[in-house]
Every structure is written in structure tokens, then in C-alpha cells.
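Numbering-wise, the numbering used here puts 339 at position 312 of the sequence shown, and it's gapless, one number per residue.
In what follows, a structure is listed as C-alpha cells, so that the remarks can point back to it.
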Amino acid sequence: MPVTDDPRLIDLTPEDYPRIKDLDDTVWFEVVPGQTPEDLRDHLDLRHARALERTGEPLPGEAPTDRPPLVGIYSAYDMAVTVPGPRDTLTRVPIDGLTWVGIHPDHRRKGLLTRLMKDHLHRVHDRAECAVAGLHASEAAIYGRFGYGCSSLDVKLTLGRGAELTAPPAVAEAADGVQLHMVTLPTEQGMAALHEAHLASAATTLGAVTRPDAMALTWWRDYPKARGEKEKRRLLLARRDGRLTGYAALRRESKWDDATPQGTVQVVELAAADDPTLLALVRRLVSFDLTSKVTLWSRSVDDPVMWWAGGPRSVDLRAYDSLWLRLVDVPRALTERGYAAACDVVLEVEDALCPWNAGRWRLAVDTDGRATCASTDEVPDLTVPVALLGAAYGGGRSLASQVPTLGGTEHTPGAVRQLSRAMRADTEPYGAIGF
Ligand SMILES: CC(C)(COP(=O)(O)OP(=O)(O)OC[C@H]1O[C@@H](n2cnc3c(N)ncnc32)[C@H](O)[C@@H]1OP(=O)(O)O)[C@@H](O)C(=O)NCCC(=O)NCCS
């Protein structure tokens, strides 16, 4: 088959918003009433966006356009994720958060996503702004082939109104001192406060992903026509000692059944810098008048909220794959995070898509949990597909438990366990925010 560069890979400018919107509406068929092409300015980072442009004449039935249609697109945001730091600390690592991935239905399964993914990962590498890429997958089967591993779960907890939350006395007493108030989004002041609380919470929350500062004021844009009868989003803010220490972004939906209030509360983001703040926020969330249940998204598999409420039998719990991570620069990524224990292993990394990663790396972690990682000719202790390192990177899903599903070969007995223990965090990660 002849090699062809059709369709053409291009950068995007604001003049492309109409054809970006055409493609996006066709791929996702989630039309947002009231949204215009120019509104994409608030949602897309054009610095990271690339697209595939169809070449050739218009097809029968197509209206003529100034510019040829787009048949594929991706973009990304400058984000960060909280991962294990040296020993028992946490650290924040920048990630390139892939988003807006779509291929026109006429052009799917012809290798176009594969072309875009190679372009994306090579550009992340060339820009060298971050060593790790992340994403949410629309379907779990797509991204493993591109070297991504699922690093955290999104646990959805549903609690009944008035759920009793039993926490240790010290936490409960401190929660009494947390001040809460509610504001309506989106306002400049509300978004700024949300972003402050978002960053404060992420510093202490394993798995937390933060949105870029540059989008703090636009991320929660409201489209009144699309919102329809629903209420505006509300923001519940928590303060301790005069500082913002947590928040919940929520929307209630009114419902009555047989003269009985059955409203629901959907909490898309709930984050806290400490346990008393979390307890105070959830106490308030389960006590809204005229509601019967509250759903909390992006929680963790060992969430304190679940245990305060009585454990998995007392809450309705569902789990989904959340953040997928991909090491774009293996030695840099492995030294940017910290480790729970000393470790010294030679890794043979397999990475067909990012060949600069493929080869042998000696990962040496000292007793303080700090690593060096350098190219080596030594005999490997274990061979790992790059996706295995991505899945274990966040400290939640252990490397050892994922060898059966992602692959990996141990050459030196004990090497998997040694690396696995060093990479593992003490707590379970939280699901990532949507992006
Ligand atoms: C998912 C999507 C991007 C795939 O694009 P595509 O151009 O068809 O993908 P490719 O042709 O490059 O496929 C590459 C490989 O992934 C596989 N693949 C693609 N989409 C898949 C899916 N949804 N489930 C399982 N495998 C999938 C292909 O079968 C192919 O496998 P192969 O290498 O073994 O032949 C496209 O179908 C789409 O836009 N879907 C709707 C929007 C969406 O889900 N976007 C992803 C957002 S996270």
C-alpha cells in the first residue's frame, strides 16, 4: 500500500473554530445549545491542538466551505498530578493532559488516531515541558496500545440524605470549626476562590489533577440555553483559620414524588486539604433540604467518606477507570517522583511509539526515597512495557499486581516486588477531575 500523508496534519488558529466545532459536533453528537464556534476560545488550548485536514474536492452533497473539513483533532492542557514524593511526602508533577480527541466517523479505523497519538507524544517530548502525559479514556480499550496505563480509579459514592458520618472525635471536633458558605458559579470571584481551594487541596491529595491557572476563570463556563431548567452550578467553600481548605462544586436537581421531596445533588468535584474539612463539606452535602441523595464523583477506593458513612455496604459504590498516565521521558519521569523505599534495579523498557525510552535504565533510589535514573549496558533485572510504569506511576495501582495484565518479565528474582514496593504509596489515589 503506498504511504500517504492524506489527510494533512496541521496546526490550528482561531480562524479554525467553525470547522473544529463541526468536527466536534459530528464526533460527539453532544451539541451544546447556545455555544458558538468562538466560544471554543475558552475550552481549547490552541498551542497544543493539532488536526487532520482532508484534502481534495468537496464530496457529493457537501456544501462548499472556505477551508477543507477537519477529520481528526486532539488538544491538551497544561496540568499537574499529585504523586508520591520521597518517603512519606507527596509531590506535584506536570502532565500534558490530552483532550478533545476525535476522528470523523467516515475516517475511523484507518490509523488516524495512531498518527495523532504519535504526533502528540513526539511533540510533548520535543517541547520538554513535562515528562508525563495523562488522559481520561472514553473507552478503556483504546489507549493501552499507545503506552498509557490506568493509574487510578474514579469511585462514585452515593449517600442518602442525612447519612450519619462517624469520624474519630478529634476529626469531628475540628470539623465543627470549619466555616462553610455557598456561592453561585460562574463569577470571576467564585472561580478564583474555587481555583485557590483546588490547588490547596491538590497539594495533600494523592492522584489529584489540577487544571491550568490560565483556564481558572473559564473552565466552568455556563451556557444558559444548554443548562435549561437546571439550577446554576453552586460552589460550597470551606475555610479554616481564614484560609480556603476545600470545596464542592455541585448542582441540585429538584424532584417530587408523591408529595415527597426527592431532589438529588450531583457533586462533580469534592476536594479538601485535610480530613476535618472533608467531613464538614460532606456533612453539609448530605443535609440539603428537599433532597434524598447525594452523588460524589472522583473519590478513592478507600475513601474516608465511605468509611465514615459505615463502609461499602452503607453507600452505593461504582468504580470506573480514571487517570491514564504515560511516561514520555522515562528517566526524567522516574526521577521527578519519589519512592517509599530504597531500590536498585536495571529496567529494560519496551516502547515502540517513543523509541528514545526503549532500552536499559538503571533506577537507583536512596534511603531517602530520591532516585537517579541513567542509561546503562548492565544486564536487566526486569523487562517492562512502558504502560506498566505509567500505571504504577501514581502510587496507587501496584506494579506487581499489574504484571499479569500489562506484561513484564522478571529476570532477577524479587526485582518486581522491590520496584513495586518502592513505587507504591501508603494511601489510595483519588480520581482525577474531568478534562
Ligand atoms: C476512538 C477513536 C479516536 C479511534 O480513532 P481511529 O482513527 O479509528 O483509531 P485507529 O484507526 O488509529 O485505531 C488504532 C487501533 O485502536 C483500535 N481502536 C480504536 N478505537 C477503539 C475502541 N473504541 N475500542 C477498541 N479499540 C479501538 C483500533 O482497532 C486499532 O487497533 P489495531 O492497531 O489493532 O488495528 C475514534 O473512533 C473516535 O473519534 N471515537 C469517538 C470519540 C472518542 O471516543 N474519542 C476518544 C476520546 S478519549
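For glycine and all other residues, C-beta sits at the position ideal for the given N, C-alpha and C.
Residue i by DSSP, collapsed to three states: which one?
i: W324; result: strand
i: E200; result: helix
i: S228; result: helix
i: K252; result: helix
i: A449; result: helix
i: E296; result: strand
i: A336; result: coil
i: A241; result: helix
i: D404; result: coil
i: Q216; result: helix
i: D38; result: strand
i: T436; result: strand
i: D463; result: This structure leaves residue 463 out entirely; the chain is present only between 28 and 462.
i: D285; result: coil
i: E455; result: coil
i: V59; result: coil
i: A307; result: helix
i: H134; result: helix
i: W351; result: strand
i: E280; result: strand
Quick one, which of the options has its alpha-carbon nearest residue i's?
i: R77; options: R68, R35, E296, V159; result: R35
i: E363; options: A419, H70, T40, V159; result: V159
i: T232; options: L374, V110, Y101; result: V110
i: L433; options: R135, K48, G138, A168; result: A168
i: K282; options: A300, T272, A298, E258; result: E258
i: L226; options: L148, V198, M106, S178; result: M106
i: D146; options: Y101, G171, D181; result: Y101
i: V59; options: G255, D453, V342, E455; result: G255
i: L244; options: E65, R353, I37, H70; result: H70
i: G461; options: A235, E42, P358; result: A235
i: W388; options: V372, A379, P382; result: V372
i: E405; options: G417, D49, L380, T439; result: T439
i: A229; options: W127, H152, A299; result: A299
i: L361; options: T63, R135, D49, P113; result: P113
i: G273; options: Q206, E42, R172; result: Q206
i: D343; options: L186, L50, V108; result: L186
i: P382; options: C400, D356, P407; result: D356
i: L148; options: T116, H75, A418; result: H75
i: D316; options: T291, E166, E42; result: T291
Taking the alpha helix (DSSP H) that residue i belongs to, which residues open and close that run?
i: T53; result: 44-55
i: Q429; result: 426-433
i: R154; result: 139-154
i: R389; result: No alpha helix (DSSP H) contains R389, which is instead part of the beta strand (DSSP E) from 386-392.
i: D268; result: Where D268 is concerned, there is no enclosing alpha helix (DSSP H), given that its DSSP letter is neither H nor E.
i: E363; result: 357-363
By Cβ distance below 8 Å, which residues in the same chain neighbour residue i in space, the five residues on each side in sequence not counted?
i: R261; result: M209, V210, T211, L212, A276, L277, R278, R279
i: L415; result: G176, L426, Q429, V430, L433, G434, G435
i: G204; result: R267, P303
i: P339; result: M333
i: L271; result: A220, E223, A224, A227, L264, A265
i: P132; result: T53, V54
i: T454; result: L233, S327, D329
Below 6 Å CB to CB, which residues in the same chain sit around residue i once its five sequence neighbours on both sides are set aside?
i: S319; result: R188, Q289
i: T410; result: E375, T436
i: W324; result: K183, V295
i: L140; result: I130
i: R68; result: none
i: L73; result: L39
i: G161; result: I122, G124, L350, L352
i: L305; result: A299
Ignore the nearest five residues each way along the sequence and tell me which others in residue i's own chain have a CB closer than 7 Å to its CB.
i: P412; result: E377, L433, G434, G435
i: V309; result: L192, V332
i: A164; result: Y170, D348, W351
i: R359; result: A158
i: A385; result: V376, E377, D378
i: T82; result: D33, P34, R35, P95
Just curious, the beta strand (DSSP E) that residue i is in, first and last residue?
i: A414; result: No beta strand (DSSP E) contains A414, which is instead part of the alpha helix (DSSP H) from 413-420.
i: P111; result: 97-111
i: V373; result: 370-377
i: D181; result: 180-187
i: D348; result: 343-348
i: V205; result: Premise fails: V205 is in no beta strand (DSSP E) and is neither H nor E.
i: V159; result: 159-162
i: E80; result: 77-80
Are the C-beta of residue i and some C-beta of chain D separated by less than 8 Å?
i: A369; result: Annotation note: the requested chain D is absent from the structure, which comprises a single protein chain.
Check: With a cut-off of 8 Å, do at least 3 Cβ pairs link the stretch 393-401 to the stretch 416-424?
Finding: no
Next item on the list: For the stretch 322-334 and the stretch 217-227, state whether three or more C-beta atom pairs, one from each stretch, are separated by less than 8 Å.
Entry: no
Item checked: Sufficient close CB pairs (3 or more, under 8 Å) joining the stretch 117-132 to the stretch 82-89 -> no
Item checked: Given 8 Å, three or more beta-carbon pairs between the stretch 359-373 and the stretch 440-460 -> yes
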